[in-house]
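Reviewing the structure listed below.
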Amino acid sequence: MQEALWRMTAAGQAAAVRRGDISAAALVDSHLERVAEVNPRVNAVTQQQADRARAAAAETDRRRAAGEPLGPLAGVPFTVKESTPVEGLPTTFGVPRFRDMVAERDALPVARLRAAGAVPLGHSNMPTLVLAGMHTRSELFGDTANPWDPTRTPGGSSGGDAVAVATGMAALGLGNDSGGSVRVPAQFCGVTALKPTTGRFPADLRVIGPDDPGPATQALVTDGPLARTVADLRLAYEALAGTDPRDPRAVPVPLYGEPLPGPPTVAVVADPGGHGVHPAVRAAVATAADALRDAGYDVREVDDVPRLDEALDVYGRVTLTEFAPTWPAVRTLLGEGGDRYIALAMERARPADAAELVRLTGTWLGIRRSWAEFLDAHPLLLGPVFTEPPVEPGVESRDAAGRDRVATAMRLCTATSFVGVPAVAVPTGVADGLPHGVQLVGRAFREDLCLAAAQAVEDRLGTFTPLDPRGVARR
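Residue numbering for the sequence shown is 40 to 514, as defined by my numbering.
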């Protein structure tokens, strides 16, 4: 019996469509059938665009029949986080009040994937307004279930994309990350994800209201793809990178840098900051380190990463200072209990005054300098994404202890987003029925080094999705 088309890698799907071995129409239909079968159990895909997806697939097939060139992602279905505009669909952010905010055009990263031939199937779930917590539950669409174990969160805030990719409902997902939002759900769902260097991908500003977001928001949030294989992640990276006049933050840097002189050095830090790490996570880091040694990398354990606790403190102070003036209005959009995650954070840190904010901004640049020097000595850093196995849904919003637990566990993600460097999350295996993984962090604009190292890990340890979901989504 022929293998279901949705099980193929994104690279395999696109190659088969370009050769004419399969039609884009059949490929899209296979994924839509998979969504119909699986989504009721996990609640990851929120707004389907079936008719438009079929029309896009038909146009791809027409172009192939006419002998026209097709893109590197020809016919590949993907999902898009609820916060990222897709033409013709509401950009709801998971908020009931925004359910009729239909996007007039695609966001820049959606347009880039579409230009490469990929086909958006619809939106994917996320925490309400990205602010309700790490667990993917929105006021508008409800909870998304982890397909490995519904008693554990799929992570967030790009959890809907991670679940859609892990279960074969989409070959690629388009999320975004300002402190782990593609990497954490990738680890919790057993897929891979890329958080690019700040300025690598052009993006929209995600404006809610008449004003542009503040500088911290603009500097920290980066769009990032999720996939089941590193090769598929690389295809998405190549399609998404570049400049655009609509985003002056995007930098014209080559996709692939100069080869390093000799085997790349990998610094290994299993317990960033010395705050503790679960034995299973420590084992995942050790397993990845062994895989890299086997691949010829120069793997060295180091004492720690630069200025971690300071980075976490400044990140929190700067972001909360920027956010505080709008909080009274924003919290009314989050629904019952949806404001607890941010409210708990605001209890811990007061907004800075103007003089202190200037000082914090200078410290931010100093921390970036320290990381640049660290990565100059060690082109790659291997460490955990989250220092625990997947946790129960909503633990970060229950009380201060739960929020501190989650914030501490994702500390390396927060710090690397703060300094703007690239990172790839890659699975390492399954323990006690749950996926585990690591992240590979690189120098600014050296996503290629991160992807190559992640490929070496995957080559030796394998992939673990797609899978059929276990259990039923919580509502």
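For each residue, glycine too, the CB sits at the ideal point set by N, CA and C.
This structure is a prediction, so every number in the text was calculated from the model and none was measured.
Out of the options, state which residue places its alpha-carbon closest to the alpha-carbon of residue i.
i: Arg450; options: Leu359, Ala483 and Val308; result: Val308
i: Thr118; options: Ala104, Ser197 and Glu143; result: Ser197
i: Pro249; options: Thr48, Cys489, Thr365 and Pro129; result: Thr365
i: Gly315; options: Thr206, Thr426 and Leu259; result: Thr426
i: Val81; options: Leu479, Asn164, Leu233 and Phe362; result: Asn164
i: Gly106; options: Gly401, Leu373, Gly59 and Leu294; result: Gly59
i: Val344; options: Phe484, Pro418, Phe503 and Asp471; result: Pro418
i: Ala96; options: Asp145, Arg46, Ala146 and Arg153; result: Arg153
i: Thr256; options: Ala49, Leu500, Gln494 and Phe457; result: Phe457
i: Asp415; options: Arg442, Asp352, Pro300 and Leu359; result: Pro300
i: Gly214; options: Ala323, Ala325, Gly401 and Ala275; result: Ala275
i: Pro111; options: Asp271, Pro241, Ile381 and Glu126; result: Asp271
i: Thr175; options: Ala492, Glu435 and Gly459; result: Glu435
i: Pro186; options: Ala203, Ala171, Gly195 and Pro298; result: Ala203
i: Ala54; options: Pro108, Ser220, Pro79 and Arg288; result: Pro108
i: Ala327; options: Thr130, Leu500 and Arg144; result: Leu500
i: Val115; options: Gly194, His475, Met140 and Gly156; result: Gly156
i: Pro159; options: Ala225, Thr85 and Gln226; result: Thr85
i: Pro254; options: Ala113, Arg389, Thr131 and Val397; result: Val397
i: Trp403; options: Val56, Asp487, Arg332 and Thr358; result: Thr358
i: Leu372; options: Pro135, Ala323 and Glu98; result: Pro135
i: Asp342; options: Arg321, Gly441, Thr360 and Gly313; result: Gly313
i: Ala171; options: Ala368, Leu383 and Gly377; result: Gly377
i: Arg222; options: Cys452, Thr400 and Arg370; result: Cys452
i: Pro293; options: Leu331, Gly263, Ala334 and Thr236; result: Thr236
i: Asp333; options: Glu297, Ala83, Gly401 and Ala492; result: Ala492
i: Leu265; options: Pro390, Pro79, Met208 and Arg408; result: Met208
For the beta strand (DSSP E) that residue i lies in, which residues bound it at each end?
i: Thr85; result: Val84 to Gln87
i: Pro466; result: Ala462 to Ala470
i: Ala266; result: Thr261 to Ala266
i: Thr231; result: Thr231 to Lys234
i: Leu473; result: Leu473 to Gly481
i: Thr304; result: Thr304 to Val307
Check whether the Cβ atoms of residue i and residue j lie closer than 8 Å to each other.
i: Gly212; j: Asp200; result: yes
i: Val77; j: Pro508; result: yes
i: Leu421; j: Val305; result: yes
i: Ala89; j: Leu66; result: no
i: Thr192; j: Glu178; result: no
i: Val269; j: Glu497; result: yes
i: Arg239; j: Phe484; result: yes
i: Leu259; j: Pro311; result: no
i: Ala423; j: Val477; result: Before going further, note that residue 423 is Pro rather than Ala in the sequence given. For Pro423 and Val477, yes; Cβs fall inside 8 Å.
i: Pro189; j: Gly433; result: no
i: Thr467; j: Arg267; result: no
i: Pro303; j: Tyr354; result: no
i: Leu490; j: Arg273; result: yes
i: Pro474; j: Phe132; result: no
i: Ala280; j: Ala464; result: no
i: Arg57; j: Ala113; result: yes
i: Ala75; j: Pro148; result: no
i: Ala146; j: Gly127; result: no
i: Ser69; j: Ala43; result: yes
i: Ala363; j: Arg442; result: no
What first and last residue would you give for the alpha helix (DSSP H) that runs through residue i?
i: Arg73; result: Ala63 to Val81
i: Arg153; result: Leu147 to Ala154
i: Val204; result: Gly198 to Ala205
i: Pro224; result: Arg222 to Cys228
i: Tyr276; result: Val269 to Leu279
i: Ala384; result: Arg379 to Arg387
i: Gly172; result: From DSSP, Gly172 is part of no alpha helix (DSSP H); its letter is neither H nor E.
i: Thr455; result: Arg450 to Val458
i: Val496; result: Glu486 to Leu500
i: Ala55; result: Ala49 to Arg58
Below 7 Å, is the gap between the Cβ of residue i and the nearest heavy atom of the ligand SAM?
i: Gln226; result: The ligand SAM is absent from the structure shown, which contains no ligands of any kind.
Have a look at the DSSP bridge pairing and note the partners of residue i.
i: Phe117; result: Pro159 and Leu211
i: Ser177; result: Gly181
i: Pro108; result: In the DSSP output, where bridge partners are listed per residue, Pro108 has none listed.
i: Asp507; result: Answer by DSSP bridge pairing: none, since Asp507 is not bridged.
i: Val141; result: Pro129
i: Asp286; result: Asp283
i: Asp216; result: Thr261
Original post:
Of all the alpha helix (DSSP H) runs that stay within the bounds of the stretch 348 to 374, which reach a length of 4 or more residues?
Top reply: 366 to 369
Original post:
Which parts of the stretch 311 to 347 are runs of the alpha helix (DSSP H), unbroken and 4 residues or longer, counting only runs that do not cross its ends?
Top reply: 318 to 333
Original post:
Going along the chain, which unbroken runs of the beta strand (DSSP E) with 3 or more residues stay wholly within the stretch 411 to 435?
Top reply: 419 to 422
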